[in-house]
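Residue numbers (the working numbering), protein chains in the order written: chain A, 12 to 181; chain B, 59 to 225. Heads up, the beta-carbon is just placed ideally off N, CA and C, and yes, glycines get one too. Written below as structure tokens is the structure these notes are about.
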């Protein structure tokens with residue numbers, strides 16, 4: 012059985028994000044080197060888009076035109092009418108710049124107090140593992156946000172069995 | 059020359075209106091400094107509870123220890139084994155920079171050291187003697203499972219789970 016034949020049945024589930032982490036990685040590894048399977052995956056994506064387009068709801072009936080006719084007509088403004096403008100006091104513009112600066116700083120502080128200070132020592136936790144030294148031993152890391160991180164030190168048999176398997180013997 | 063400069067040049071005191079934003083800005087900057095420095099000051103006193111569990115998975119048929127049910131749920135899809143049991147549980151209560159640890163049944167020493175606690179969790183250095191050294195930023199209550207060494211007929215598994223107390 013070729014690698015494509017082994018991977019093929021999982022492409023659909025891979026496309027839908029339904030595979031376990033190890034199987035997903037196996038499929039990803041194969042896709043990296045197999046154009047045929049990549050094309051098949053792209054075709055699956057195309058089918059998905061076509062299905063989504065076809066089931067999209069028909070345009071909603073024109074509710075607005077219905078409502079518009081029930082609204083009272085807008086009163087026309089007299090030609091000479093002008094918007095009232097409040098007079099600007101002298102010195103106000105000069106006062107506005109520092110006050111605006113102080114306002115921005117105050118808003119930033121309020122944000123800091125409400126949200127909490129930024130974590131200056133580390134970026135957002137996308138990946139848990141930051142550095143890894145296994146003294147030359149092969150290792151498999153299953154790392155993802157919101158899930159348990161698994162660091163699995165392997166021996167040589169483990170590496171070989173993990174190449175194409177969906178799960179590894181401990 | 060601005061109005062305030064002109065006022066100073068003329069020997070007149072600055073108006074109260076113009077002084078207020080400057081005082082506000084200074085106060086705001088001081089407050090910002092305090093807010094930013096606060097966590098760094100508090101950092102020295104922060105503690106983290108680390109739950110360490112040592113388990114053993116075996117390819118030979120046997121029971122799945124009820125105590126390791128959660129671990130089993132995490133591993134069952136990716137790893138093949140037929141029995142799983144908890145060997146030891148320990149809780150370490152550590153300050154940042156403090157080192158704690160335990161000895162694995164294989165004789166290897168595990169050492170853990172929280173380096174920093176922030177919004178992303180605890181930055182943790184883990185060292186397993188001659189086997190593994192890793193730095194990890196572990197979110198609160200998110201477990202890290204480490205498949206360590208062959209032991210007996212199976213494998214030793216170390217689970218670490220930090221619990222950062224609320225301020």
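Which residues, in order along the segment 13 to 45 of chain A, keep a beta-carbon less than 7 Å from a beta-carbon of chain B? 31, 32 and 33
Any idea which residues DSSP pairs residue 143/A with across the strands? 192/B
Counting only runs of 4+ residues fully inside the segment 88 to 169 of chain B, write out the alpha helix (DSSP H) ranges in chain order. 127 to 133
List the whole-angstrom C-beta distance separating residue 194/B from residue 141/A, where the pair is believed to meet the contact cut-off of C-beta under 8 Å. Confirmed, Cβ separation roughly 6 Å.
Can you name, in chain order, every residue of its own chain whose Cβ lies under 6 Å from the Cβ of residue 158/B, other than the five neighbours on each side? 150, 152 and 170
Between the segment 171 to 188 of chain B and the segment 122 to 139 of chain B, can you find at least three pairs of beta-carbon atoms closer than 8 Å? no
Exposed or buried, residue 58/A, counting other C-beta atoms within 10 Å across all chains shown (16 or more means buried)? exposed
Determine whether the beta carbon atoms of residue 210/B and residue 114/B lie at a separation below 8 Å. yes
Exposed unless 16 or more other CB atoms sit within 10 angstroms - verdict on residue 64/B: Because residue 64/B carries a pLDDT of 49, less than 50, the predicted location of this residue cannot be relied on, and the following value inherits that uncertainty. Exposed is the label assigned to residue 64/B, since fewer than 16 other Cβ atoms lie within 10 Å of its Cβ.
In the segment 123 to 154 of chain B, which residues sit with their C-beta less than 8 Å from some C-beta in chain A, listed in chain order? 132, 133, 135, 136, 137, 138 and 139
Whose C-beta lies closer than 8 Å to the C-beta of residue 109/A among residues of the same chain, with five residues either side of it excluded? none
Specify the secondary structure class of residue 121/A as computed by DSSP and reduced to three states. Helix at residue 121/A.
Can you give me the Cβ contacts of residue 55/A inside the same chain, cut-off strictly under 7 Å, excluding the 5 residues immediately before and after it? So the list reads 22, 23 and 26, once near-sequence residues are dropped.
Am I right that residue 212/B and residue 181/A are in contact with their C-beta atoms under 8 Å? What's the rounded C-beta distance? 6 Å
Would residue 142/A count as contacting chain B if we go by Cβ distances under 8 Å? yes
Please state whether DSSP places residue 80/A in a helix, a strand or coil. coil
Classification of residue 215/B by the beta-carbon crowding that lies within 10 angstroms, buried from 16 upward: buried
By DSSP's criteria, residue 174/B is part of a beta bridge. Which residues make up the other side? Its beta-bridge partners are 181/B.
At a CB distance below 8 Å, what residues from the segment 181 to 214 of chain B approach chain A? Give them in sequence order. 181, 188, 189, 190, 191, 192, 193, 194, 195, 196, 197, 200, 201, 202, 203, 204, 205, 206, 207, 208, 212 and 213
Residue nearest to residue 166/B in terms of C-alpha spacing, selected from 190/B, 180/B and 174/B: 190/B
Quick test of your reading: residue 192/B and residue 129/B, contact by CB under 8 Å. State the CB separation rounded to the nearest angstrom. Taking a contact as a CB-CB distance under 8 Å, the pair residue 192/B and residue 129/B does not count as one, their CB atoms being some 19 Å apart.
For residue 164/A, go through chain B and note every residue whose CB falls closer than 8 Å to its CB, in chain order. Neighbours of residue 164/A on chain B, chain order: 189, 190, 204, 205, 206 and 207.
Please report how far the alpha carbon of residue 76/A lies from the alpha carbon of residue 63/A, in whole angstroms. 29 Å
From 30/A, 46/A and 32/A, pick the residue whose C-alpha is nearest to that of residue 15/A; which is it? 46/A
Output the boundary residues of the beta strand (DSSP E) element that contains residue 18/A. Element bounds for residue 18/A: not the beta strand (DSSP E) but the alpha helix (DSSP H), 14 to 26.
Let me confirm a value: residue 80/A is counted as buried when at least 16 other C-beta atoms fall within 10 Å, else exposed. Which label applies? exposed
Where do the ends of the alpha helix (DSSP H) carrying residue 33/A lie? 32 to 44
Three-way DSSP call (helix, strand, coil) for residue 171/A in this model: Its pLDDT being 49, under 50, residue 171/A is placed unreliably in this model, and the coordinates cannot settle the point.
Classify residue 158/A: buried if its beta carbon has 16 or more other beta carbons within 10 angstroms, exposed otherwise. exposed
What residues of chain A sit near residue 86/B, judged by a beta carbon separation below 7 Å? 113, 116, 117 and 120
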